Amino acid sequence: MRHGKRFNHLGRKTAHRGAMLSNMASSLIMHKRINTTVAKAKALRKYIEPIFTKSKTDDTNSRRVVFSYLQNKESVTELFNNVAEKISGRPGGYTRIIKTGYRLGDNAEMCMMELVDFNELFLTEKSSGKSKTRRSRRGGKSEAKVQDTEVQAAEVVEEIPAEVAEEVKEETEEAFVEEAVETKSEEVTGEEKKD
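With the working numbering, letter number 22 in the sequence shown gets 16, and the count goes up by one each step, no holes.
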């Protein structure tokens, strides 16, 4: 029966489970990514997320509290020096669990657990990706973009002296007329070849 079972005991007694989670947390901090079972990863997430939150304030008390959980000086140093500055802007959700399939021997569900801010692939894709906009059925530019370009054009025109602006305007009109004549002549020659 599971009366009052608030968390996954992982088939271990308290001391064994605590030591295992401490070792896994240290490994995750040192290597930024570990492979484990999904059940252990979910238990580790509950264990390590408060540690990351505690590491945002770098003082003696925070270091002592984190050391009492991790029991590893190198991982505490790594956490407060390198990891804490990257996660400082994140309000939570410092880890990501990616399922990788099933283990060959006992068919346990496996996953890769990683620190969100240390995965360069996801970070570059999100930063280089375009901002999501809604598409219209007309396929034209949205009104906001058109207004922005009109404002930018007006600013540029204000910066250019009036004489230069007139010359540029005349040149662009002439170029537009020449281009229209060329396309029209190409259409006419294309129709003659069809006949």
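Cβ atoms here follow ideal geometry from the backbone N, Cα and C, with glycine treated the same way.
Computed from a prediction, not measured in an experiment: that's the story for all the values here.
query: CA-to-CA distance, H10 to L4, given in whole angstroms; result: 10 Å
query: Residue-level contact to chain C via CB, S49, 8 Å cutoff; result: In the displayed structure, chain C is absent; only one protein chain is listed.
query: Member of I91, R(-4), E176 whose CA lies at the smallest distance from the CA of E103; result: I91
query: For G12, the first and last residue of its enclosing alpha helix (DSSP H); result: 8 to 25
query: Meets three-Cβ-pair contact criterion under 8 Å: the region 22 to 29 and the region 101 to 116; result: yes
query: Simplified DSSP assignment, three categories, for N29; result: strand
query: Selection from E176, E72, T31, N75 that minimises the alpha carbon distance to T94; result: T31
query: DSSP bridge partner residues for Y96 (one or two, in chain order); result: E103
query: Cβ contact check for the region 31 to 40 and the region 48 to 55: 3 or more pairs under 8 Å; result: no
query: Through-space distance from A33 to V140, alpha-carbon basis; result: The predicted position of V140 is uncertain, since its pLDDT is 49 and thus under 50; no value can be drawn from it.
query: Rounded C-alpha distance that separates T89 from E167; result: 58 Å
query: Cβ separation of L22 and M106, assumed to be a contact under 8 Å, to the nearest whole Å; result: Actually they are not in contact, since the Cβ atoms of L22 and M106 sit about 11 Å apart, beyond 8 Å.
query: Cut-off 7 Å between Cβ atoms - residues of its own chain near A78, not counting five sequence neighbours on either side; result: S49, K50, D52
query: Nearest-angstrom Cα separation, counted from G99 out to L64; result: 30 Å
query: L15 versus I45 - alpha carbon distance; result: 12 Å
query: S20 vs S82 beta-carbon contact at 8 Å; result: no
query: Rounded C-alpha distance that separates E176 from R131; result: 32 Å
query: Inter-residue spacing [alpha-carbon to alpha-carbon] between N66 and N55; result: 16 Å
query: Beta-bridge partners of R90, as assigned by DSSP; result: E108
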